[in-house]
Amino acid sequence: MSSSDRGPLLTHVSVIAADVAESTEFYESVIGAAPIPTPTFGNQADFHADEGIEFQIVRIGDQQLHLWNDPAREPEATMFAHFGVHVDDFETVYRRAAERDAFAAVGKESAPPQVFDFNGTAQLYLRDPTGNLVEVNYPEFDALDQSVFGSVVRRETTDPDTSIYDGLDLDQ
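As structure tokens, then:
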């Protein structure tokens with residue numbers, strides 16, 4: 009199958025990182041991302057910034073997360089804007105996030121740390137060191153050791169037979 013047969017593919021997501029090294033370490037240690045060789049743009053890119061731009065790429069599965077500092081912009085925590093990642097070891101990510109107190113509250117009734125059983129999919133929400141919201145997913149909530157989690161909230165959509173994993177091929 010050629011790449012043109014697959015249709016459009018998401019290649020990367022870019023997020024602001026107040027401290028690129030600290031954010032790189034967070035994604036590496038908590039999520040299991042792998043830093044990869046990152047180009048230096050030098051004067052080839054016009055970022056309209058007086059200060060130097062820091063940039064690091066980490067690989068999460070087949071995709072890239074681009075971590076940038078942006079001297080022209082103050083980092084801010086967002087309420088809904090986020091990206092989601094699938095992990096193979098949800099319990100380990102939960103423990104690592106707990107060690108860093110990296111859990112994020114989502115929804116009116118939530119108080120972290122909290123795991124959601126969302127139509128059978130396990131979810132939790134984290135804040136990276138800059139405050140970016142990260143959704144962590146695992147497809148089979150019932151397969152997890154639920155004694156690890158402090159609080160579980162059960163949620164379902166109006167169509168409980170749907171999953172955020174519908175349409176994704178994790179076996180590629």
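Position 112 of the sequence shown, counting from 1, maps to 120 under the numbering used here, and the rest follow consecutively. Backbone N, C-alpha and C fix where the C-beta goes; we use that ideal spot for every residue, glycine too. Computed from a predicted model, the values in this text were never measured in an experiment.
Helix, strand or coil at E148 [DSSP, three-state]: coil
Starting from the C-beta of S11, find all residues in its chain whose C-beta is less than 6 Å away, skip the five residues before and the five after it, and write them out in chain order. Only weak support exists for where S11 lies, its pLDDT of 48 falling under 50; the coordinates are left without a value.
Alpha carbon to alpha carbon, how far is T46 from V123? 34 Å
Short check: CB of E62 to CB of N77, under 8 Å? yes
Nearest-angstrom Cβ-Cβ length linking V142 and H90, presumed shorter than 8 Å: 6 Å
In three-state terms, what does DSSP make of A25? coil
Under 6 Å Cβ to Cβ from A41, same chain only, skipping five residues before and after it: list those, please. Y35, V66 and I68
With 16 as the cutoff for other CB atoms within 10 Å, does P137 come out buried or exposed? buried
Counting only the same chain and skipping the five closest in sequence on each side, list residues whose C-beta sits under 7 Å from that of V101. V38, I39, V95 and V144
Since Y102 is in the beta strand (DSSP E), which residue starts that stretch and which ends it? Y102 -> not in any beta strand (DSSP E); alpha helix (DSSP H) instead, spanning F98 to R108.
Just grab the DSSP bridge partners of G92 for me. E143
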